[in-house]
Amino acid sequence: MAATNLHTLDNDILHELLTLCHDLNTLYSLLLTHPIIYQAFRARRRLILRHVFARQIRVQLLSIPADAVIDANEDFVVRIERANPIDAVAFREAVWPILERRLFRGVPSKLSWKWATALLTIYRKAELREDALSFAKRTIGLALNTVQWRQHGTLPFIRAVGRIYMAAHLFQETLSLQETVHGRLKPLSIEHSSWGKELVATLQHIGDPARVLRFQLTCWELYKEVAGSNSPVALDWARGIVREYQAQGKIDDALRFHQEVRMLLDPTTAPYIAWSRQLINMLQQRKQDAEALVATEQVWRHLNPETKGYRACM
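Residue 108 in this note's numbering sits at position 107 of the sequence shown, and the numbers go up by one each step.
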């Protein structure tokens, strides 16, 4: 592409010409010819780079498969993300249509969702909030409709979408998304509890304490049934309920629920000792020394002073 007198052309024409460069080397060589051409590039840097990247990638696709092209450029995109997030946005946007077509065809692709998550991340880093939100809304349906979606790496992307929604104050959309994911996960999976905790955090953030407790109590009953009241996951949610009652100033309810959970525990186990110790502390804080002594005696019936953990109750 000859550069002679190009700087005299209208900016719109210069933009079109710059998008026609078939690779980065050609583009950079052209930018060095005149400051006005560089200024035209700066005005629409992201758009021009996206076109050039896309053209360069199409040339590479003629000789090697798409995954190999993306792998070959992975180090490049990581480097430019550090240097200029906008350039990284342009590159990831240039690649995304290749990966998106797979998803529309129903082809499972961990690479697609890894790339989608990275694109959302770089949008946020580049402070392109509207672009991030638009991409999230446009793509989340594909993630939720992916067959065997959990196995194909969609959860990190869905979680990233939730962060985008929260940042945009789209709280109901965030809750709906978290409820959808939580409802699809198996109760005994690690993700089920972690997504439940995220839903609780969202409810707490938007200030819906009644709904927080309802959801926590529902999860407690579920985990108590499927994993057992002595299970770590059930007790983790039970502790969260006690804390929530206390945070809401419902001290009597916190004490009542704590006692209910403790009564379900095997009195010869460490969880029983731990819950007894906390119960004694709660009773002592309320100046209910007689009740605290009763709780201590209950521990004594099943254990003795030499039992591991018992001394912490004294």
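Cβ atoms here follow ideal geometry from the backbone N, Cα and C, with glycine treated the same way.
Helix, strand or coil at Cys-220 according to DSSP, with G and I counted as helix: In the sequence shown, residue 220 corresponds to position 219, counting from 1. Three-state result, Cys-220: helix.
Three or more C-beta pairs below 8 Å linking the stretch 161-169 and the stretch 129-146: yes
Span of the alpha helix (DSSP H) around Ile-49: Counting from one through the sequence shown, the residue named residue 49 turns up at place 48. Start and end: 46-62.
With 16 other Cβ atoms within 10 Å as the buried cut-off, status of His-206: As a first step, residue 206 must be located in the sequence shown, where it is residue number 205. Label assigned to His-206: exposed.
Nearest residue (CA-CA) to Thr-27, options Leu-129, Ala-44 and Arg-56: On the sequence shown, position 26 is the one that residue 27 refers to. The candidate whose alpha carbon is nearest that of Thr-27 is Arg-56.
Bounding residues of the alpha helix (DSSP H) (the contiguous stretch that carries Ser-230): In the sequence shown, counting from the first residue as 1, residue 230 sits at position 229. Looking at the DSSP string, Ser-230 is not in any alpha helix (DSSP H), and its letter there is neither H nor E.
Buried versus exposed, by CB contacts within 10 Å (16 or more), Asp-88: Residue mapping note: residue 88 aligns to position 87 of the sequence shown, counting from 1. Buried, since its Cβ has 16 or more Cβ neighbours within 10 Å.
Proximity of Gly-241 and Ala-235 at Cβ, strictly below 8 Å: Residue 241 sits at position 240 when you count from the first residue of the sequence shown. Residue 235 sits at position 234 when you count from the first residue of the sequence shown. The answer is no: Cβ separation not under 8 Å.
Buried versus exposed, by CB contacts within 10 Å (16 or more), Lys-288: Position 287 of the sequence shown, counting from 1, holds the residue named residue 288. Exposed, since its Cβ has fewer than 16 Cβ neighbours within 10 Å.
Outcome for His-23 when other beta-carbon atoms lying within 10 angstroms are tallied against a minimum of 16: Counting from one through the sequence shown, the residue named residue 23 turns up at place 22. The residue is exposed, with fewer than 16 neighbouring Cβ atoms inside 10 Å.
Under the three-state DSSP convention, the category Arg-302 falls into: Indexing the sequence shown from 1 puts residue 302 at position 301. It is helical.
Residue span of the alpha helix (DSSP H) that contains Ser-190, given as start and end: Counting from 1 along the sequence shown, the entry for residue 190 is found at position 189. From DSSP, Ser-190 is part of no alpha helix (DSSP H); its letter is neither H nor E.
Same chain, Cβ closer than 7 Å to His-52, five either side skipped, listed in chain order: Translated into the one-based positions of the sequence shown, residue 52 becomes position 51. These residues qualify, in order along the chain: Thr-20.
Endpoints, alpha helix (DSSP H) assigned at Gly-184: Position 183 of the sequence shown, counted from the first residue, corresponds to residue 184. Here the alpha helix (DSSP H) through Gly-184 covers 172-185.
Neighbour-count burial assignment, Ala-271, 16 or more Cβ in a 10 Å radius: Translated into the one-based positions of the sequence shown, residue 271 becomes position 270. Ala-271 comes out exposed.
Proximity below 8 Å, CB of Leu-143 to CB of Leu-104: As a first step, residue 143 must be located in the sequence shown, where it is residue number 142. As a first step, residue 104 must be located in the sequence shown, where it is residue number 103. Yes. Within cutoff.
CA-to-CA distance, Thr-203 to Leu-176, given in whole angstroms: The sequence position of residue 176 within the sequence shown is 175, counting from 1. The sequence position of residue 203 within the sequence shown is 202, counting from 1. Spanning the two alpha carbons is a distance of roughly 7 Å.
Presumed contact (8 Å Cβ cut-off) between Ile-274 and Val-300, rounded CB distance: Translated into positions along the sequence shown, residue 274 becomes position 273. Translated into positions along the sequence shown, residue 300 becomes position 299. Confirmed, Cβ separation roughly 7 Å.
Between the CA atoms of Gly-208 and Glu-128 - distance to the nearest angstrom: Residue numbering aside, residue 128 sits at position 127 when the sequence shown is read from its first letter. Residue numbering aside, residue 208 sits at position 207 when the sequence shown is read from its first letter. Taking the straight line joining both Cα atoms gives about 27 Å.
Same chain, Cβ closer than 7 Å to Glu-298, neighbours up to 5 away in sequence not counted: Numbered from 1 along the sequence shown, position 297 holds the residue referred to as residue 298. Result list for Glu-298: empty, nothing under 7 Å.
Boundaries (first-last residue) of the alpha helix (DSSP H) holding Asn-26: As a first step, residue 26 must be located in the sequence shown, where it is residue number 25. Unbroken alpha helix (DSSP H) run through Asn-26: 25-32.
Same chain, Cβ closer than 7 Å to Trp-116, five either side skipped, listed in chain order: What you label residue 116 is simply residue 115 of the sequence shown in a count that begins at 1. Within the same chain, Trp-116 has close Cβ partners Arg-93, Val-96, Trp-97 and Leu-100.
Cβ-based neighbour list, Arg-218, same chain, cut-off 7 Å, excluding 5 preceding and 5 following: Start at 1 with the first residue of the sequence shown, and residue 218 comes out as number 217. Here residue 218 turns out to be Leu, not Arg, going by the sequence shown. Answer for Leu-218: Ile-242, listed in chain order.
Cβ-based neighbour list, Lys-187, same chain, cut-off 8 Å, excluding 5 preceding and 5 following: Locating residue 187 in the sequence shown gives position 186, where the first residue counts as 1. So the list reads His-193, once near-sequence residues are dropped.
DSSP three-state assignment for Arg-287, whether helix, strand or coil: For this step, residue 287 is matched to residue 286 along the sequence shown. Reduced to three states, the DSSP call for Arg-287 is coil.
C-alpha distance - Val-1 paired with Gln-247, whole-angstrom precision: Because residue 1 is not part of the residues shown, which for the chain are 2 to 315, the question remains open.
Alpha-carbon spacing of Lys-111 relative to Arg-139, whole angstroms: Counted from its first residue, the sequence shown places residue 111 at position 110. Counted from its first residue, the sequence shown places residue 139 at position 138. In a straight line, the C-alpha of Lys-111 is about 18 Å away from that of Arg-139.
CA-to-CA distance, Asp-68 to Glu-174, given in whole angstroms: Looking up residue 174 in the sequence shown gives position 173. Looking up residue 68 in the sequence shown gives position 67. Cα-Cα distance, rounded: 33 Å.
Residue interval of the alpha helix (DSSP H) (run including His-16): As a first step, residue 16 is located in the sequence shown; it is residue number 15 there, counting from the start. From DSSP, the alpha helix (DSSP H) with His-16 extends over 12-20.
Under the three-state DSSP convention, the category Arg-106 falls into: By one-based count along the sequence shown, residue 106 stands at place 105. Correct three-state label for Arg-106: coil.
Proximity to Ile-49 [Cα-Cα], best of Tyr-29, Asp-76 and Met-264: In the sequence shown, the residue the question calls residue 49 occupies position 48. Cα-wise, what sits closest to Ile-49 is Tyr-29.
From Arg-83, Gly-154, Ala-239 and Leu-156, residue whose alpha carbon lies closest to that of Ile-123: Position 122 of the sequence shown, counting from 1, holds the residue named residue 123. Among Arg-83, Gly-154, Ala-239 and Leu-156, the Cα nearest to that of Ile-123 belongs to Arg-83.
Inter-residue spacing [alpha-carbon to alpha-carbon] between Arg-302 and Asp-237: Position 301 of the sequence shown, counted from the start, is the residue given in the question as residue 302. Position 236 of the sequence shown, counted from the start, is the residue given in the question as residue 237. For Arg-302 and Asp-237, the distance between alpha carbons rounds to 26 Å.
Neighbourhood of Cys-314 by C-beta, 7 Å cutoff - its chain only, sequence neighbours within 5 removed: Residue 314 sits at position 313 when you count from the first residue of the sequence shown. Since pLDDT at Cys-314 reaches only 47, below the 50 mark, its modelled position is unreliable, and the value read off the structure follows with that caveat. Around Cys-314: Ile-274, Ser-277, Arg-278, Ile-281, Thr-297 and Val-300.
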